[in-house]
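Engineer: Input: one structure, supplied below.
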Amino acid sequence: MKYIGLVCSMILFLSCLNDKNTPLANLPITVDSTTVIIPSVPAVNCSPDTVYFQQSVLPLITSNCAMSGCHDAISHKEGVNLTDYTNIRKEVSASNPTSSELYKCLNETGDERMPPAPSAEFSLTQKSLLLKWIQQGAKNNTCSNTATCDTVNVTFSASVLPVLKTYCVGCHSSASPSAGIDLSTYAAVKVYAANGRLMGSITHAIGYKPMPSSTSKLGACEINQIKAWVTKGTLNN
Ligand code: HEC
């Protein structure tokens, strides 16, 4: 009973906060009875010059490094857990960006390179994104775009593939496809768009495994853009 009371007052408390338009980013969210404090940084409008941890760095790292057997909380290979800001930050030296483990390991050779073969090496764009985030102070920053979401001019190359590369291809690459699912090329993605599993998994529909499995649901804009691309006939544009 005591707990029910507590939960009710939490709900009341949270709804009061919401009435005052408190950014959701500041509220504690209860997941599986563990309280996760979402960063208490105010969400700002996204600036093209800033690399945001929550939008760009975290999805890139969780989808490429924090899979089961690698750097998830349970496996934490070599003692390295890359599932959240606090743990990721331990692998970063903001005063010496290029010496940060998180960055250095991307450029090693042989078994030392991360992610290791058969996973592909990070692209130059992905490497420079990480480095820029470290150079900008490796902050736990977040932003939200107030601009409207364009679901009219959607293309595979500009709207769909970049999202898949950030959030999915770490696990669903052609070299090591989780569950046998490759999401790195148009031909392969088209198959899962056609059989409904792509939309089912990213919208967390009943009967599908919720994806991405290592991090939170894609943003509403990304989901709507992928949906628009599917509805318009999954063109190779
Ligand atoms: C951390 C690794 C990881 C990431 C990141 C990831 N997946 Fe998966 N995915 C898996 C695994 C493992 C399975 C098999 C799940 C199972 O059977 O329990 C799977 C299954 C799937 C399935 C089949 C689901 C079904 O119920 O039929 C689809 C579709 C899929 N993933 C798409 C995606 C998409 C799209 C993304 C990015 C938005 C993504 N995945 C990100 C690991 C991942």
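If you count the sequence shown from 1, position 174 lands on 173 in my numbering, and the numbers rise without skipping.
Glycine included, each C-beta is placed from N, C-alpha and C at the ideal position.
Remember, predicted model here, so these are calculated numbers, not experimental data.
At what residue ranges does the region 125 to 202 contain a whole run of the beta strand (DSSP E), taking only runs of 3 or more?
Structural biologist: Fully enclosed beta strand (DSSP E) runs of 3 or longer: not present.
Engineer: Contact between the region 143 to 157 and the region 116 to 127: three or more CB pairs below 8 Å?
Structural biologist: no
Engineer: So the candidates are Ser175, Ala219, Ile225 and Ser177; which of them puts its Cα closest to the Cα of Leu197?
Structural biologist: On the sequence shown, position 198 is the one that residue 197 refers to. Of Ser175, Ala219, Ile225 and Ser177, the residue nearest in Cα terms is Ile225.
Engineer: Taking the Cβ atom as the reference point for each residue, do Cys167 and Ser55 lie within a distance shorter than 8 Å?
Structural biologist: As a first step, residue 167 is located in the sequence shown; it is residue number 168 there, counting from the start. As a first step, residue 55 is located in the sequence shown; it is residue number 56 there, counting from the start. Between Cys167 and Ser55, the C-beta gap is not smaller than 8 Å, which leaves the two residues out of contact.
Engineer: When burial is assigned at 16 or more other CB atoms within 10 Å of the CB, is Leu217 buried or exposed?
Structural biologist: Position 218 of the sequence shown, counted from the start, is the residue given in the question as residue 217. By the 10 Å Cβ count, Leu217 comes out buried.
Engineer: Hey, would you say the C-beta of His171 is under 7 Å away from at least one heavy atom of the ligand HEC?
Structural biologist: Numbered from its first residue, the sequence shown carries residue 171 at position 172. Yes.
Engineer: Assuming contact is defined by CB atoms lying nearer than 8 Å, are Ser84 and Asn139 in contact in what I supplied?
Structural biologist: For this step, residue 84 is matched to residue 85 along the sequence shown. For this step, residue 139 is matched to residue 140 along the sequence shown. The question names Ser, but residue 84 in the sequence shown is Tyr. For Tyr84 and Asn139, yes; Cβs fall inside 8 Å.
Engineer: For Pro58, which of Asn95, His171, Ser213 and Gln135 has the nearest alpha-carbon?
Structural biologist: As a working mapping, residue 58 is identified with position 59 in the sequence shown. Pro58 has its Cα closest to that of Ser213, out of Asn95, His171, Ser213 and Gln135.
Engineer: Tell me whether Ser213, by its Cβ, gets closer than 7 Å to a heavy atom of the ligand HEC.
Structural biologist: Here residue 213 refers to the residue found at position 214 of the sequence shown. Under cutoff, so the answer is yes.
Engineer: Look at the alpha carbon of Phe121 and the alpha carbon of Gly206, and state the distance between them as a whole number of angstroms.
Structural biologist: Locating residue 121 in the sequence shown gives position 122, counting from the first residue. Locating residue 206 in the sequence shown gives position 207, counting from the first residue. Between Phe121 and Gly206, the C-alpha separation is close to 33 Å.
Engineer: Taking Val50 and Trp132 to be in contact with their CB atoms under 8 Å, please state how far apart those CB atoms are, rounded to whole angstroms.
Structural biologist: Start at 1 with the first residue of the sequence shown, and residue 50 comes out as number 51. Start at 1 with the first residue of the sequence shown, and residue 132 comes out as number 133. About 4 Å; that satisfies the 8 Å criterion.
Engineer: In this structure, does DSSP put Met0 in helix, strand or coil?
Structural biologist: Start at 1 with the first residue of the sequence shown, and residue 0 comes out as number 1. Because the pLDDT of Met0 is 45, which lies under 50, any placement of that residue in the model is unreliable, and the number read from its coordinates should be weighed accordingly. Reduced to three states, the DSSP call for Met0 is coil.
Engineer: Locate the alpha helix (DSSP H) running through Ile60, then write down its first and last residues.
Structural biologist: To locate residue 60, count along the sequence shown from 1; it is residue 61. Where Ile60 is concerned, the enclosing alpha helix (DSSP H) stretches over Leu57 to Cys64.
Engineer: Assuming contact is defined by CB atoms lying nearer than 8 Å, are Pro117 and Ser177 in contact in what I supplied?
Structural biologist: By one-based count along the sequence shown, residue 117 stands at place 118. By one-based count along the sequence shown, residue 177 stands at place 178. It is not a contact, given that the beta carbons lie outside the stated cut-off.
Engineer: Would you say the beta carbon of Ala72 comes nearer than 7 Å to a heavy atom of the ligand HEC?
Structural biologist: Translated into the one-based positions of the sequence shown, residue 72 becomes position 73. Because no heavy atom of the ligand HEC lies under 7 Å away, the Cβ of Ala72 does not count as near it: no.
Engineer: In angstroms with no decimal places, state the Cα-to-Cα distance between Val91 and Ile60.
Structural biologist: Here residue 91 refers to the residue found at position 92 of the sequence shown. Here residue 60 refers to the residue found at position 61 of the sequence shown. Approximately 13 Å between the Cα atoms of the pair.
Engineer: Quick one, which of Pro96, Ala65, Ser74 and Ser94 has its alpha-carbon nearest Thr82's?
Structural biologist: As a first step, residue 82 must be located in the sequence shown, where it is residue number 83. Checked all of Pro96, Ala65, Ser74 and Ser94; the closest Cα to Thr82 is Ala65.
Engineer: What are the boundary residues of the alpha helix (DSSP H) that Val43 is part of?
Structural biologist: Walking along the sequence shown from the start, residue 43 turns up at place 44. Segment: none, Val43 is in no alpha helix (DSSP H) and carries neither H nor E.
Engineer: Is Pro114 helix, strand or coil by DSSP?
Structural biologist: Taking the first residue of the sequence shown as 1, we reach residue 114 at position 115. In this structure, Pro114 counts as coil in the three-state DSSP scheme.
Engineer: Indicate the three-state DSSP secondary structure (helix, strand or coil) for Val229 in the structure shown.
Structural biologist: By one-based count along the sequence shown, residue 229 stands at place 230. Three-state DSSP puts Val229 in a helix.
Engineer: Got a sec: does the ligand HEC put a non-hydrogen atom nearer than 7 Å to the Cβ of Ile180?
Structural biologist: Position 181 of the sequence shown, counted from the first residue, corresponds to residue 180. Yes; taking the cut-off as 7 Å, the Cβ of Ile180 has a heavy atom of the ligand HEC nearer than that.
Engineer: Which residue from Asn223, Asn236, Asp48 and Ala227 puts its Cα closest to that of Gln135?
Structural biologist: By 1-based counting over the sequence shown, the position of residue 135 is 136. It is Asp48 whose Cα lies nearest to the Cα of Gln135.
Engineer: The ligand HEC and Lys189: does any heavy atom of the ligand fall closer than 7 Å to the residue's C-beta?
Structural biologist: In the sequence shown, counting from the first residue as 1, residue 189 sits at position 190. No.
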